[in-house]
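Some notes on the structure that comes next.
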């Protein structure tokens, strides 16, 4: 059974309120192959009510601004939690729009980077004796992560008016 949640993209300091759903295949509510977004939470809930969609309380926020800032800076620090969330959300977005996303490729380097981000989250269930995992990144992996992030911005950019970024 689908569960629906409020989701907020922050793009150039503008908040876009969307409805994300969790199911066998996660995604976003779309209309005419575009993400349905709202100016505020009240409008999101009004839409949900009028379409008999029960929205759960937990909301998620993804700042695209953080990815843009990271791309413009030295890229040495990789926030595994942020970039794993980014990757998963952009993947859901791309799947909802039936569009390609660089991070959805099935190849060794992409899979390795994703795994490093996943294990770098140090989820309690995966920790043994309190140990933590801090990934070491090669230049090639960082360059591929940059491509994943840039392509995520491309996917998002087709959806939201605030996105006019030259990378």
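In my numbering, the protein residues as written are 4 to 170.
Yeah, the Cβ is synthetic: ideal placement off N, Cα and C, and Gly gets one too.
- A residue is called buried when at least 16 other Cβ atoms come within 10 angstroms of its Cβ; residue 67 meets this threshold and is buried.
- In the structure shown, the three-state DSSP call for residue 99 is helix.
- The closest CA to that of residue 154, considering only 92, 49, 140 and 139, is found on 92.
- DSSP places residue 66 inside the beta strand (DSSP E), whose first and last residues are 63-66.
- When 59, 13 and 150 are compared, the shortest CA-CA separation from residue 69 is found for 13.
- About 4 Å separates the Cβ atoms of residue 5 and residue 26, confirming a contact at the 8 Å cut-off.
- Cβ neighbours of residue 94 within its own chain (closer than 7 Å, five residues either side excluded): 104, 106 and 107.
- Taking a cut-off of 8 Å on C-beta distances, the region 119-126 does not touch the region 44-60, as fewer than three cross pairs fall below it.
- Distance from the CA atom of residue 113 to the CA atom of residue 41, rounded to whole angstroms, is 33 Å.
- One Cα belongs to residue 159, the other to residue 139, and the distance between them is close to 28 Å.
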